[in-house]
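First the structure, in the form of structure tokens, and then the observations on it.
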Amino acid sequence: MDYSTWPLVVVVDVEGNGAQPPDLVELAAVPVVNGRPVPASTRSALIRPPRPISPMAVRVHGITNEAVAAAPTWTQIGERVRADLEGAWIAAHNAHVDYGVLSRHLPGWQPAGVLDTLRLARATYRKAAGYGLDALIELCGIDLSAVPGKRHRAAFDAHAAALLLIHLAGHHATWTALLAAAVPPGLPGHRHPPRPQEDPTLW
Numbered sequence: 003m004d005y006s007t008w009p010l011v012v013v014v015d016v017e018g019n020g021a022q023p024p025d026l027v028e029l030a031a032v033p034v035v036n037g038r039p040v041p042a043s044t045r046s047a048l049i050r051p052p053r054p055i056s057p058m059a060v061r062v063h064g065i066t067n068e069a070v071a072a073a074p075t076w077t078q079i080g081e082r083v084r085a086d087l088e089g090a091w092i093a094a095h096n097a098h099v100d101y102g103v104l105s106r107h108l109p110g111w112q113p114a115g116v117l118d119t120l121r122l123a124r125a126t127y128r129k130a131a132g133y134g135l136d137a138l139i140e141l142c143g144i145d146l147s148a149v150p151g152k153r154h155r156a157a158f159d160a161h162a163a164a165l166l167l168i169h170l171a172g173h174h175a176t177w178t179a180l181l182a183a184a185v186p187p188g189l190p191g192h193r194h195p196p197r198p199q200e201d202p203t204l205w
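Heads up, the sequence shown is in my numbering, so the first residue is 3 and it goes up one at a time.
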């Protein structure tokens, strides 16, 4: 894989307040350049949601209502997020979730494409025992000891997914081959296989 051929890829992770549909309480975006995440360019922000964070959500990510009491609202930071993601491919683990949440919060926004590390892992390791982020990090032998933060916080999970994406991409020869394995049908960037040409002699 020649990572220099990649367009801009930004690995994202979102954390919600437990409502349905969820309001954002944390968002992180980690750029990938030349096959490496760029921690210095990572954007991460707590967000004060319009509805309280549920106890169940707090048990997952540990972000309390008190922690976001002084955080900006989505109205205050949404356009900055839109600008950060403009023109980029986004990537995430189980990307339908992150893409769906971001699309709902950014009306009219559409990334250049969507890479799903879950789908890519299933194509790369067809007999893996599990495809959760923790299981795949262990399977691939990815060292997260230098990643700041903790699991289930947006910046940590986005960085972990970025390292997983880079590892999995190394099993695919080209960007085009990567797209075939990693872009879920129905999401931006999916390339439908060409239809077979009709035989002009048949009526």
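By construction, the Cβ of each residue, glycine as well, lies at the ideal position given by its N, Cα and C atoms.
Check                                                                                                                          : Outcome
Who pairs with S46 in a beta bridge, going by DSSP?                                                                            : A30
By Cβ distance, which residues of its chain are closer than 8 Å to E68, with the 5 residues on each side in sequence left out? : none
Use the C-beta contact count for W111: other C-beta atoms within 10 angstroms, 16 or more gives buried, fewer gives exposed.   : exposed
Tell me the DSSP secondary structure of W8 in three-state form.                                                                : coil
Taking the CB atoms as reference points, tell me whether V11 and A31 lie closer together than 7 Å.                             : no
Measure the CB-CB distance between A163 and T126 and report whether it falls below 7 Å.                                        : no
Tell me the rounded alpha-carbon separation between T178 and P57.                                                              : 43 Å
Give the straight-line distance between the Cα atoms of L87 and P109, rounded to the nearest whole angstrom.                   : 13 Å
Can the beta-carbon of A71 be found closer than 7 Å to that of G20?                                                            : no
Just curious, the beta strand (DSSP E) that V116 is in, first and last residue?                                                : 115-118
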